[in-house]
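Going letter by letter, the sequence shown gives residues 445 to 777 in my numbering.
All C-beta atoms in this analysis are idealised placements derived from N, C-alpha and C, irrespective of residue type, glycine included.
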Amino acid sequence: MAMNNDQLHRYITQQMRMSHVYQPVMLRELLRSGGEVSVEQIAKALLSHDRSQVEYYEIRTKNMVGKVLTNNGVVVPVKDGNRIIGFRLNDFVDVDAEDRDRLIAECDEKIADYIELRGSNIWQHRSNAKGYVPGSIRYEVLKRAKYRCELCGASAEEVALHVDHIVPRNRGGQDDLSNFQALCITCNTNKRDLDDADFRGVAETYGDRETGCIFCGIPADRVIAENELCYAIRDGFPVTPLHTLVIPKRHVADYFDLFQPELNAFRRMLDDLRSSIQDEDQTVTGFNVGVNAGQSAGQTIFHCHVHLIPRRHEDVPNPRGGVRGVIPEKQSY
């Protein structure tokens with residue numbers, strides 16, 4: 445159905461429901477171009493409003509190209525205190541229009557030659573990781589992070605969030621939910637450019653096992669659930685029915701020595717177990733989740749494990765204080 449100017453006016457001013465700037469930006473480009481415009485032109489117009497893209501290239505300008513040109517004596521940083529706010533050509537003197545146009549043309553020629561030589565690969569650094577991360581994975585990662593950067597806490601309403609491989613693919617990291625995290629554009633760029641942690645041996649450590657460790661050699665028929673980094677069994681000496689242990693496959697003694705992907709895998713496993721226990725036993729109305737970290741805290745098997753203890757209404761006379769009961773006289777308060 446055709447739309448006249450008055451109808452378009454009413455749509456823009458009264459009917460348009462916005463979750464982003466996309467609609468008015470696209471309509472503005474259409475109006476400026478006489479009613480028809482290419483997808484590429486719309487995309488460029490949207491890009492001009494995307495602050496996250498500007499932030500990304502601000503970081504690369506200061507940390508990469510700006511440093512190279514500064515080190516070669518071509519440019520000088522312009523600073524506000526300790527903060528770089530711009531660059532200027534070093535000892536640049538006015539040149540006539542002909543010389544300026546020649547220098548600009550030489551830059552254009554360099555750009556064209558490089559693009560012809562490398563093709564689309566020159567923009568590979570803009571990918572979150574080599575290869576495609578499906579939208580369903582992205583959704584799960586962002587949902588788990590509550591739509592905030594897991595490093596600095598920035599909200600998706602303020603900055604663009606990327607789905608980042610915690611252990612990079614080129615260091616052996618896997619395309620599994622436990623190896624993804626949500627990072628804002630700034631944290632993700634800084635992590636890639638400045639983090640000098642050596643991940644080359646990390647992937648292999650997930651296979652660490654210790655001879656004689658009861659949890660490294662658990663019989664397969666005791667395992668009730670598992671994912672790539674942890675598994676679950678029923679406790680051999682249950683505090684309550686369906687008392688369950690979640691255990692990393694890697695041999696690691698202390699909960700605080702778990703890698704972030706293992707913590708992610710634990711969280712997912714605990715969520716799944718909670719649901720399955722409640723489905724199996726409708727009388728379960730709560731849970732205690734606990735870790736004994738160290739001999740002083742009561743740890744007896746020095747392979748990390750998390751207790752998931754189902755609780756039922758009136759299973760003890762006074763449950764108040766819960767885990768505070770590790771020091772009995774401190775439970776009630």
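Legend entry - DSSP bridge partner residues for P692 (one or two, in chain order): The residue labelled residue 692 in the question sits at position 248 within the sequence shown. Its beta-bridge partners are C674.
Legend entry - Contact check, N732 vs G766, beta carbons under 8 Å: Counting from one through the sequence shown, the residue named residue 732 turns up at place 288. Counting from one through the sequence shown, the residue named residue 766 turns up at place 322. In this structure, G766 lies closer than 8 Å to N732 by Cβ.
Legend entry - Nonlocal neighbours in the same chain, by C-beta distance under 8 Å from G478, ignoring five residues either side: The residue you call residue 478 lines up with position 34 of the sequence shown. Here the set comprises nothing.
Inset, instruction - Look at L474 and I456 and say whether their C-beta atoms are less than 8 Å apart. - result: The residue you call residue 474 lines up with position 30 of the sequence shown. The residue you call residue 456 lines up with position 12 of the sequence shown. Not in contact: L474 and I456 (Cβ atoms no closer than 8 Å).
Inset, instruction - Determine the extent of the alpha helix (DSSP H) in which V733 is found, giving its start and end residues. - result: On the sequence shown, residue 733 is found 289 positions in, with the first residue counted as 1. It is not in any alpha helix (DSSP H) - V733 instead sits in the beta strand (DSSP E) that spans 728-735.
Inset, instruction - State buried or exposed for A709, treating a residue as buried only when at least 16 other CB atoms are found within 10 Å of its CB. - result: Position 265 of the sequence shown, counted from the start, is the residue given in the question as residue 709. With 16 or more Cβ atoms within 10 Å of its Cβ, A709 is classed as buried.
Legend entry - N- and C-terminal bounds of the alpha helix (DSSP H) containing E551: Translated into the one-based positions of the sequence shown, residue 551 becomes position 107. Checking the displayed sequence, the identity of residue 551 turns out to be Cys instead of Glu. C551 -> alpha helix (DSSP H) spans 541-562.
Legend entry - For L752, the three-state DSSP class (helix, strand or coil): The count along the sequence shown starts at 1 and reaches residue 752 at position 308. L752 falls in the strand class under three-state DSSP.
Legend entry - Contacting residues, own chain, Cβ-Cβ under 6 Å from I528 (five flanking each side not counted): In the sequence shown, the residue the question calls residue 528 occupies position 84. K506, P521, listed in sequence order.
Inset, instruction - State the Cα-Cα distance for the pair N449 and V465, rounded to the nearest angstrom. - result: In the sequence shown, residue 449 corresponds to position 5, counting from 1. In the sequence shown, residue 465 corresponds to position 21, counting from 1. Spanning the two alpha carbons is a distance of roughly 21 Å.
Legend entry - CB of Y650 within 8 Å of CB of L621, strictly: Taking the sequence shown and counting its residues from 1, the one referred to as residue 650 is at position 206. Taking the sequence shown and counting its residues from 1, the one referred to as residue 621 is at position 177. Not closer than 8 Å, so no.
Inset, instruction - Compare the Cα-Cα distances from K693 to each of M460, F659, V607, V483 and report the closest residue. - result: On the sequence shown, residue 693 is found 249 positions in, with the first residue counted as 1. Answer by Cα proximity: F659.
Inset, instruction - Give me the Cα-Cα distance between L595 and D759, rounded to the nearest whole angstrom. - result: Taking the first residue of the sequence shown as 1, we reach residue 595 at position 151. Taking the first residue of the sequence shown as 1, we reach residue 759 at position 315. The straight-line gap from Cα to Cα measures roughly 40 Å.
Inset, instruction - Check whether the region 710-720 touches the region 609-617, taking contact to mean three or more Cβ pairs, one atom from each stretch, closer than 8 Å. - result: no
Inset, instruction - List the residues that DSSP assigns as beta-bridge partners of H606. - result: For the purposes of this step, residue 606 is taken as residue 162 along the sequence shown, with counting starting at 1. The partner list for H606 (beta bridge, DSSP) reads L627.
Inset, instruction - Enumerate in chain order the residues of its own chain whose CB-to-CB distance from T727 is below 8 Å, with the five nearest sequence positions on each side excluded. - result: Position 283 of the sequence shown, counted from the start, is the residue given in the question as residue 727. R756, H757, listed in sequence order.
Inset, instruction - Go through its chain and collect everything with a Cβ distance to E773's Cβ below 7 Å, but skip five positions before and after it. - result: Numbered from 1 along the sequence shown, position 329 holds the residue referred to as residue 773. Cβ contact annotation for E773 (same chain, cutoff 7 Å, sequence separation greater than five): none.
Inset, instruction - Please report the Cβ distance between H434 and V690, rounded to the nearest whole angstrom; I am assuming they are in contact, meaning their Cβ atoms lie under 8 Å. - result: The first residue shown for the chain is 445 and the last is 777, placing residue 434 beyond what the model contains.
Inset, instruction - Answer with buried or exposed for P663, where buried requires no fewer than 16 other C-beta atoms within 10 angstroms of its C-beta. - result: By one-based count along the sequence shown, residue 663 stands at place 219. Its Cβ having fewer than 16 others within 10 Å, P663 is exposed.
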